[in-house]
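Colleague: Residue numbers (this note's numbering): 7 to 638.
Every residue, glycine too, gets a C-beta built ideally from N, C-alpha and C.
Since this is a predicted model, take the numbers as computed values, not measurements.
The structure's right below; bear with me while I get my questions together.
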Ligand code: ADP
C-alpha cells in the first residue's frame, strides 16, 4: 500500500504544533473530544432533519479508554463518521481556511508563533504531541464500509479498508514515552473536567479496577465504565449554578481560544418567545475578522439539537466577532438551514440579541474602563461598520464608537466632544483621509487649533464612508433633543465658524492673485478661494461639499472602481503668507504658473494624495528655489 503524502501545509503545521504547544500538550484530549462532540451534533441533526437517517438509533456517547502496557489511548464516538474521501480531505489536507490563514501569518519566531497558535483551533493534529502513531477507524453514517487511516505524523498517511460495527469514529493514539502519562485514569478525568465538562454528550471512561484481598494482595480486577463529565449543555443551566470558571471553560472549547473571554452574557428569555443565548466577546479579535470568508462564531441549536455553526445571518455582520450559542425552543427541529434567514422567530431572537449586546457594551463603557479599553482597541472598527449597515442600532452605536481628537489623549466619544464644546460652537468637526500622523499635521487644522475648536481625528479607512453617511449626532437630555451636524474640515463650507466672516477688504485685495492662480491652474482645480482656516501654511485643498474627498476617490480607484470621475479640489490660499502675498506684484506668467502648481501640489501631498506629475513638481520647485538663490 502506497503511502499518501500530507499536503505540504499539514507537515508544516504538525511540526509547529509539536514544537510550540508542547508545554500545553494535554489540550490534545480537548480537541479530540470536541471533534467527537461535533460529529455527534452533526448526526443528531441528520436524524431529525433528514428522512434517510431516521432508522439510526441515536444514542450518543464518547468513550475513552487506555492500555498502559500497549501504550494506547482511545477516543471513540458514535457520531456522523467519515468515509474514505472525508478522511483524505479532513485529515490529509488543510481544509479550513482559518488554518491556512494562520500558516500565512507564521513568523518563524517560535515564541511569537506559539502565541499565535493559541488563537486558532489546532484540532486533530495536536494529538501528535503525545502519539508517535495514530489510527483513525471510521464509518460514515448511512454507509456500510469502514476505513482505517494511519499516520506517524511525519510525511504522510495510509488508508485501508476496515470494519466497524456502527457509524462513528475511533481514534487510537499510540503514545510516545512522554505521552504515557495520559494513559492514566486520573489524568484523563482531570483533563476532561477542566476542558470538556460541559460537552453536551456523555463522556465515559473505561478502566480496570484492581481488587485486593485482606492481606493487600492483588486478586484480579474488574473493568469499570464511569461517566466523567457533567454533560448538561452549559447554557441551559441556571446562571446561579454557574461560576466564571465554568463559563470560561465552555468558551475555550467553543471558541477554540486558549485565553479567557473578555466578558460574556447569558440570557434566558421566557415569554412570547422562549430561547437561551450565551454570548462571549473574545479578548482578541478573531484573526479572520476582516476576511471575506470569515467563520461565523455563533452556533444555532433548537431544543439543544445542534442545527448549524455556519450561518452568517445569525448575527449582523458587524457583530461577527461574537462567539456563542443561540438555543431556541420555538423553531421546528427540522428547520431547513436554507430558509433560516427568513424565519420570523429567528429574526426576533436576532434583534433581541443585538439589543442585549449593545446594552452590555454600554454597560462596559460606563462601568469597566479596563475592559472597555480592550474592547474598543479590538472592535471599534466593526462598531463603525454597524453605524453604516444597521440602522436600528445606529443611535446606540453612536454612543459607543470612539475617536481620536486634537483636544484629548486616547479615545473620545461624540458625547464627550459635545460636552467640551464652546457654547457658541455649532458643529462637530472632524478630519478624515490619512493616517493619524498625516491628519494631525494637516494645515487644515491650523485655524481650528488657533481658535481652540476641537477636531476629531478619523484615521480609519472606513471613516470616510461611514461618517458622512451619518450626517449628524443628536443627544436627548430629559425632554430636549440637541443636534449637531458633523462637518469635515476638508470640505468647503466647514469654515463658517472660523470667524473673519467675509473680510471684504482682504477679499478685494487678494482678488487679483486669485484670478492669476485660476488662470494658471485652469481645470486642475474646481475653484481658488481665500482661506479662513490657514495660519502658517500657504495653501490647502478642500473638497466641494458634495464631492467625495480626494483620498476617498484615491481609495476607490485603488480598489478597482473605474467609474469614479476625476474629482477636482478647491484650492484655498492664505492671503497673509509671503509666498502668496508676493504674487500681488508679479506679472510673470511662467513664474505665477510655477508658484500656482507648487501651492496646489504641496497641499495635495500634505493630505496624503498622490500628485500626478511629481517630476514636473520637482522641476518647478527647483526653478523657484534657483530664482530665490539668485536674488538672495
Ligand atoms: P476542526 O475540528 O477544527 O475542523 P480538526 O483538524 O480537529 O479540525 O478536524 C478536521 C476535520 O476532520 C473536522 O472538521 C471533521 O470534519 C473531521 N473529523 C475529525 N474528527 C472527527 C470525528 N471524530 N468524527 C467525524 N469527523 C471528524
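Among all the DSSP beta bridges, which residues are the ones paired with residue 176?
Modeller: For the purposes of this step, residue 176 is taken as residue 170 along the chain shown, with counting starting at 1. Note: residue 176 sits in a beta bridge opposite 82, 143.
Colleague: Taking 8 Å as the limit between beta carbons, can you name the residues of its chain near residue 527, skipping five residues before and five after?
Modeller: If you number the chain shown from 1, residue 527 lands on position 521. Here the set comprises 534, 577, 602, 603, 606.
Colleague: I'd like to confirm the pairing. Which residues does DSSP put opposite residue 227 in its beta bridges?
Modeller: Residue mapping note: residue 227 aligns to position 221 of the chain shown, counting from 1. Answer is 216, bridged to residue 227.
Colleague: What residues match up with residue 2 in a beta bridge as DSSP calls it?
Modeller: Any answer about residue 2 is impossible in this case: the structure gives the chain only from 7 up to 638.
Colleague: Rounded to whole angstroms, what's the CA-CA distance from residue 529 to residue 395? Just pull it up for me.
Modeller: As a first step, residue 529 is located in the chain shown; it is residue number 523 there, counting from the start. As a first step, residue 395 is located in the chain shown; it is residue number 389 there, counting from the start. The alpha-carbon atoms of residue 529 and residue 395 are separated by roughly 37 Å.
Colleague: Taking C-beta to C-beta, are residue 371 and residue 403 nearer than 8 Å?
Modeller: By 1-based counting over the chain shown, the position of residue 371 is 365. By 1-based counting over the chain shown, the position of residue 403 is 397. No, the pair does not count as a contact, with Cβ atoms beyond the cut-off.
Colleague: Cβ-heavy atom distance between residue 149 and the ligand ADP below 7 Å?
Modeller: Working through the chain shown from its first residue, we reach residue 149 at position 143. Flag unset: Cβ of residue 149 not near the ligand ADP.
Colleague: Would you check if the distance between the CB atom of residue 320 and the CB atom of residue 302 is smaller than 8 Å?
Modeller: If you number the chain shown from 1, residue 320 lands on position 314. If you number the chain shown from 1, residue 302 lands on position 296. Contact flag set, yes.
Colleague: What do you get for residue 3, buried or exposed, if any count of 16 or more other CB atoms within 10 angstroms of its CB means buried?
Modeller: Residue numbering for the chain in the displayed model covers 7 to 638; residue 3 lies beyond these limits and cannot be assessed.
Colleague: Leaving out the 5 sequence neighbours to the left and right, which residues in its chain are closer than 7 Å to residue 519 when beta-carbon positions are compared?
Modeller: Residue mapping note: residue 519 aligns to position 513 of the chain shown, counting from 1. So the list reads 586, 589, 590, once near-sequence residues are dropped.
Colleague: Any chance the CB of residue 86 is under 7 Å from a heavy atom of the ligand ADP?
Modeller: Your numbering for residue 86 matches position 80 in the chain shown. It does: the Cβ of residue 86 is within 7 Å (strictly closer) of some heavy atom of the ligand ADP.
Colleague: Kindly list the residues whose CB is nearer than 6 Å to the CB of residue 359, restricted to its own chain and excluding five residues on each side of it in sequence; keep chain order.
Modeller: The sequence position of residue 359 within the chain shown is 353, counting from 1. Hits under 6 Å: 283.
Colleague: Specify the secondary structure class of residue 334 as computed by DSSP and reduced to three states.
Modeller: Counting from one through the chain shown, the residue named residue 334 turns up at place 328. Strand at residue 334.
Colleague: Does DSSP put residue 409 in a helix, a strand or coil?
Modeller: Translated into the one-based positions of the chain shown, residue 409 becomes position 403. In the structure shown, residue 409 sits in a strand (DSSP, three-state: E or B).
Colleague: Buried or exposed: where does residue 250 fall if 16 or more other Cβ atoms within 10 Å of its Cβ makes it buried?
Modeller: Mapped onto the chain shown, residue 250 falls at position 244. Classification for residue 250: exposed.
Colleague: Identify every run of the alpha helix (DSSP H) within the stretch 514-561, keeping only runs that are complete inside it and at least 4 residues long; order them along the chain.
Modeller: Counting whole runs of 4 or more residues, the stretch 514-561 contains no alpha helix (DSSP H) stretch at all.
Colleague: Exposed or buried, residue 192, counting other C-beta atoms within 10 Å across all chains shown (16 or more means buried)?
Modeller: For the purposes of this step, residue 192 is taken as residue 186 along the chain shown, with counting starting at 1. Under this definition residue 192 is an exposed residue.
Colleague: Going along the chain, which residues of its own chain have a beta-carbon closer than 7 Å to the beta-carbon of residue 560, five neighbours each way excluded?
Modeller: Your numbering for residue 560 matches position 554 in the chain shown. The residues are 615, 616.
Colleague: Going by beta carbon distance, what residues of the same chain come within less than 7 Å of residue 218, once the five residues before and after it are set aside?
Modeller: If you number the chain shown from 1, residue 218 lands on position 212. 224, 225, listed in sequence order.
Colleague: With DSSP as the reference, label residue 375 as helix, strand or coil.
Modeller: Mapped onto the chain shown, residue 375 falls at position 369. In the structure shown, residue 375 sits in a helix (DSSP, three-state: H, G or I).
Colleague: Helix, strand or coil: how does DSSP classify residue 397 here?
Modeller: For the purposes of this step, residue 397 is identified with residue 391 of the chain shown, where counting begins at 1. Helix at residue 397.
Colleague: On a CA-only basis, which of 198, 270, 574 is nearest residue 235? Give me that one, please.
Modeller: Start at 1 with the first residue of the chain shown, and residue 235 comes out as number 229. Of the listed residues, the one whose Cα sits closest to residue 235 is 198.
Colleague: Give the DSSP-derived three-state secondary structure of residue 162 in the structure shown.
Modeller: For the purposes of this step, residue 162 is taken as residue 156 along the chain shown, with counting starting at 1. Of the three classes helix, strand and coil, the one that applies to residue 162 here is strand, per DSSP.
Colleague: So what does DSSP say about residue 156, is it helix, strand or coil?
Modeller: Taking the chain shown and counting its residues from 1, one reaches residue 156 at position 150. In this structure, residue 156 counts as strand in the three-state DSSP scheme.
Colleague: Residues bridged to residue 11 by DSSP?
Modeller: Counting from one through the chain shown, the residue named residue 11 turns up at place 5. DSSP output for residue 11 lists 162 as bridge partner(s).
Colleague: Skipping 5 residues on each side, what residues in its chain have a beta carbon closer than 7 Å to that of residue 551?
Modeller: Residue 551 sits at position 545 when you count from the first residue of the chain shown. These residues qualify, in order along the chain: 497, 498, 499.
Colleague: For residue 312, which residues does DSSP report across the bridge?
Modeller: As a first step, residue 312 must be located in the chain shown, where it is residue number 306. 307.
Colleague: Tell me the residue span of the alpha helix (DSSP H) that contains residue 420.
Modeller: The residue you call residue 420 lines up with position 414 of the chain shown. From DSSP, the alpha helix (DSSP H) with residue 420 extends over 420-426.
Colleague: If distances are taken between C-alpha atoms only, which option among 278, 237, 260, 300 comes closest to residue 287?
Modeller: Within the chain shown, the letter at position 281 stands for residue 287. It is 260.
Colleague: Tell me the rounded alpha-carbon separation between residue 37 and residue 258.
Modeller: Position 31 of the chain shown, counted from the first residue, corresponds to residue 37. Position 252 of the chain shown, counted from the first residue, corresponds to residue 258. Roughly 11 Å between the two C-alpha positions.
Colleague: Given the structure, does residue 49 come close to the ligand ADP, in the sense that its CB is under 7 Å from one of the ligand's heavy atoms?
Modeller: Translated into the one-based positions of the chain shown, residue 49 becomes position 43. Checking every heavy atom of the ligand ADP against the Cβ of residue 49, none is found closer than 7 Å.
Colleague: Can you give the Cα-Cα distance for residue 255 and residue 145, rounded to whole angstroms?
Modeller: Position 249 of the chain shown, counting from 1, holds the residue named residue 255. Position 139 of the chain shown, counting from 1, holds the residue named residue 145. Looking at the two C-alpha atoms, the distance is approximately 31 Å.
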